[in-house]
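Under mature numbering (1 follows the signal peptide of the UniProt record, and there is no 0), residues -29 to -1, 1 to 98 are what the sequence shown spells out, in order.
We treat Cβ as the ideally placed atom computed from N, Cα and C, and that holds for glycine.
Since the model is a prediction, treat every value here as computed from it, not as a measurement.
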Amino acid sequence: MKLSTRITGLIPALAAVPVCLSLITPATAAAETDCSPDSVANTVSSATGAASNYLTAHPDANQVVVASYSQPRPVASANLRAYFTAHPQQYQDLRGILAPIGDTQQRCNVTVLSPEMASAYAEFMAG
């Protein structure tokens, strides 16, 4: 799978995560932490919904993301990086919106992303 597809497909692909979460049981979780499948699914749903709304409200960012679907991997990566480097507040905003997904995965010791989506998520979050 091309990196551009992985990166730009992250938000739509995460929408399917709640369905898959009913099959996932956290390996370990602190007693005070709600790591139930419903709680994890809610976190993912909230984050992806907020990210989708954010991109809708920022058409230039949305355009770069959508355009990357049809671009070769190196071009898409470079264009996404260039856009978010030139718009650091938008990058920080989206990073903050998506952070709860990674926080939940780490806190609950669960994997809610496919390997491809996990790679795209990690790359985006790393900057």
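Taking the straight line between their C-alpha atoms, what separation do you get for residue i and residue j?
{"i": "Gly98", "j": "Leu65", "result": "11 Å"}
{"i": "Ser(-8)", "j": "Ala47", "result": "Below a pLDDT of 50, predicted positions are generally treated as unreliable, and Ser(-8), at 42, falls in that range; the measurement from the model is reported next regardless. One C-alpha to the other measures close to 33 Å."}
{"i": "Asn80", "j": "Ile72", "result": "12 Å"}
{"i": "Val83", "j": "Gln76", "result": "7 Å"}
{"i": "Ser85", "j": "Ala93", "result": "12 Å"}
{"i": "Thr14", "j": "Asp5", "result": "11 Å"}
{"i": "Gln42", "j": "Ala91", "result": "16 Å"}
{"i": "Ala38", "j": "Pro45", "result": "13 Å"}
{"i": "Ala57", "j": "Arg78", "result": "32 Å"}
{"i": "Ser17", "j": "Pro59", "result": "23 Å"}
{"i": "Ala89", "j": "Thr19", "result": "14 Å"}
Give the DSSP-derived three-state secondary structure of residue i in the structure shown.
{"i": "Leu84", "result": "coil"}
{"i": "Thr27", "result": "helix"}
{"i": "Ser39", "result": "helix"}
{"i": "Asp9", "result": "helix"}
{"i": "Thr4", "result": "coil"}
{"i": "Gly98", "result": "coil"}
By Cβ distance below 8 Å, which residues in the same chain neighbour residue i in space, the five residues on each side in sequence not counted?
{"i": "Thr27", "result": "Asn33"}
{"i": "Pro30", "result": "none"}
Are any of the Cβ atoms in chain D nearer than 9 Å to that of residue i?
{"i": "Ser48", "result": "In the structure shown, chain D does not exist; there is a single protein chain."}
Ordered along the chain, which non-local residues of its own chain (more than five positions away) have a Cβ less than 7 Å from that of residue i?
{"i": "Val35", "result": "Asn50, Leu51, Tyr54"}
{"i": "Ala22", "result": "Ile(-19), Leu65, Ile68, Leu69"}
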